[in-house]
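Note sheet for the following structure.
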Amino acid sequence: MSLPRPSADAIEQSARLVRSITASIAAAGGWIPFSRYMELALYSPGLGYYSGGARKFGPGGDFITAPELTPLFGQALAAQVEQVMRASAAHVIEAGAGTGLLAADLLLELERRECLPETYGILELSGELRERQFDLLAEKAPRLASRVRWLDALPERFSGALVANEVLDVMPVHLVVSRPEGLFERGVAVDPAGTLRWADSPASGAVADAARALDLPLPESGEYVTELNLAARAWVGEWAQRLDCGVLLLVDYGYPRAEYYLPSRSNGTLLCYYRHHAHADPFLWPGLNDITAFVDFTSVAEAAFDAGLDVLGYTNQAAFLFNCGLLECLARRGPETSADYIRAARAAQRLTTPQEMGELFKVLALGKGIPEPLLGFQRGDRVHAL
4 MSLPRPSADA IEQSARLVRS ITASIAAAGG WIPFSRYMEL ALYSPGLGYY SGGARKFGPG
64 GDFITAPELT PLFGQALAAQ VEQVMRASAA HVIEAGAGTG LLAADLLLEL ERRECLPETY
124 GILELSGELR ERQFDLLAEK APRLASRVRW LDALPERFSG ALVANEVLDV MPVHLVVSRP
184 EGLFERGVAV DPAGTLRWAD SPASGAVADA ARALDLPLPE SGEYVTELNL AARAWVGEWA
244 QRLDCGVLLL VDYGYPRAEY YLPSRSNGTL LCYYRHHAHA DPFLWPGLND ITAFVDFTSV
304 AEAAFDAGLD VLGYTNQAAF LFNCGLLECL ARRGPETSAD YIRAARAAQR LTTPQEMGEL
364 FKVLALGKGI PEPLLGFQRG DRVHAL
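Quick note, the sequence shown lines up with residues 4 to 389 if you use the working numbering.
Okay, here's the thing in structure tokens:
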């Protein structure tokens, strides 16, 4: 596959990041786990993919998220956020807000529903993205922008709705390799020419324990490679300690465990994205590519339950959006023959058809102190599949 070549400035920025990563590997004794490499590649200050200045979202970036496709996503999601706020507290936090479009769409729709949050917090690691979010909110929802606060860390206590759209998939993952001779953790080293390369080490500690608990397929020859997202488990555990009353709404692509660790998926789910091209080489232009892995929703739900949260719902994105009134939101776009309606209908189709985002993306709801069934899971709930 031929990828568009980055500019000379972008290649130099990537080279600076490689030098920084190489120094980190040397300081660690010549090897780091892939989770550390992924963290450095995505979040190194000023150089990582999410902390650098390159455009990431939308047609001119590397990938398109649901809010970039259409405001219908945020408008439908607002129905679920409203229910959660009315059952807990009038506060919303969005983790990883991207360009800020989802925040703007949610706030405008919640205003229309006469259910504005008192505060809308955004948890965002990237200073560059914070600036873009600030500018977009000032443009799209100027009268509501004053309700938005940017947060540097999880709140000590929280009641309300947390929204995390495509956040879990970019948390650094460990790579585990199952071979006939045992379990290994795949990491990163540097060859004599200074090039980043794969290097395996016997799995140990929490990584080995988590891998053994999965009962991974054991190939007769060759190897089975997969991911462990221990960071996602820890993250929901942290929220469990801080949530007094409310719901975490987690939207991402992934599978329940029974569908994740299939013998046929022997190379794992790790993918990189560059200019709307997917590829499998995380060492290609570090800092210029997004690096993601599909979410094991069973592991996330188990970690939440063990930490004291209730698993309130799990379904695919299509069922969730239809339950939340996506078609009613579409109907507000005007006559079905109008150009605006037709464009919106095409976007809604991308959100909901199985061949697009409807089945691949899932929604998991975790909460505390919410006695009533959630709107988004009234039909098609798949908690039994976790």
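Beta carbons are placed, not taken as given, at the ideal position from N, Cα and C, and that holds for glycine.
Just confirm the distance between the C-beta atoms of S91 and W288, as a whole number of angstroms; I'd bet it's less than 8 Å.
Actually they do not touch by this definition, with Cβ atoms about 43 Å apart.
What separation, rounded to the nearest whole angstrom, lies between the Cα atoms of L378 and C327?
6 Å
Here's the rule I'm using: 16 or more other beta-carbon atoms within 10 Å means buried, otherwise exposed. How should N270 be labelled?
exposed
Note the first and the last residue of the continuous alpha helix (DSSP H) segment covering D212.
G208 to L217
For the alpha helix (DSSP H) holding A355, just list the boundary residues, first then last.
At residue 355 the sequence reads Thr, which differs from the Ala that was named. A342 to T355 is the extent of the alpha helix (DSSP H) around T355.
Counting along the chain, where does the beta strand (DSSP E) carrying D247 start and finish?
L246 to Y258
Could you check what DSSP says for G379 in three-state terms: helix, strand or coil?
helix
Quick check on this structure: which residue in S23, P48, L140 and F76 has the alpha carbon closest to the alpha carbon of R349?
F76
Fully enclosed by the stretch 309 to 335, which alpha helix (DSSP H) runs are 4 residues long or longer?
320 to 326 and 329 to 334
In three-state DSSP terms, what is A368?
strand
Excluding five sequence neighbours on each side, which residues of the same chain lie with their C-beta closer than 7 Å to the C-beta of E85?
L113, R116 and C118
Find out if the Cβ-Cβ distance for the pair A148, L140 is shorter than 8 Å.
yes
Since Y258 and F300 should fall inside the 8 Å C-beta cutoff, what is the C-beta to C-beta distance between them, to a whole number of angstroms?
7 Å
Just curious, the beta strand (DSSP E) that S162 is in, first and last residue?
F161 to N168
When you compare each of K371, D138, P374 and V151 to L109 by their alpha carbons, which one comes out closest?
V151
List the whole-angstrom C-beta distance separating R236 from A306, where the pair is believed to meet the contact cut-off of C-beta under 8 Å.
4 Å
Name the residue from E226, A98, T73 and R89 whose alpha carbon lies nearest to the alpha carbon of V239.
A98
Does the stretch 119 to 136 come close enough to the stretch 266 to 280 that 3 or more CB-CB pairs lie under 8 Å?
no
For P36, count neighbouring Cβ atoms within 10 angstroms of its own Cβ and tell me buried if that reaches 16, exposed if not.
buried
Got a sec? Which residues, its chain only, sit under 6 Å from A167 by beta carbon, not counting five neighbours each side?
A98 and L253
Return the CA-CA distance between K143 and Y52, expressed in angstroms with no decimal places.
26 Å
Can you check DSSP and say which residues form a bridge with C275?
H282 and I294
Is G124 buried or exposed, if buried means 16 or more other CB atoms sit within 10 Å of its CB?
buried
Would you list the one or two residues that DSSP bridges to T229?
V179
Just to check my reading of the structure: L354 and A69 have Cβ atoms closer than 8 Å, yes? What is that Cβ distance to the nearest angstrom?
6 Å
Assuming G77 is part of the alpha helix (DSSP H), what are its boundary residues?
L75 to A90
CA-to-CA distance, R346 to T400, given in whole angstroms:
Outside the displayed range of the chain (4 to 389) lies residue 400, so it cannot be described from this structure.
Can you tell me which of the three DSSP states I373 falls into?
coil
With 16 as the cutoff for other CB atoms within 10 Å, does Q320 come out buried or exposed?
buried
Distance, K371 Cα to G197 Cα:
50 Å
Rounded C-beta distance between L219 and Y264? I'm assuming under 8 Å.
6 Å
Do R245 and R157 have their beta-carbon atoms positioned less than 8 Å apart in this structure?
Residue identity check: residue 157 is Leu in the sequence provided, not Arg. It is a contact, given that the beta carbons lie within the stated cut-off.
Given this structure, state the Cα-to-Cα distance separating G185 from Y227, to the nearest angstrom.
11 Å
Pull the bridge partners of P36 from the DSSP assignment, please.
G190
Counted within 10 angstroms of its Cβ, other Cβ atoms place S224 as buried (16 or more) or exposed
exposed
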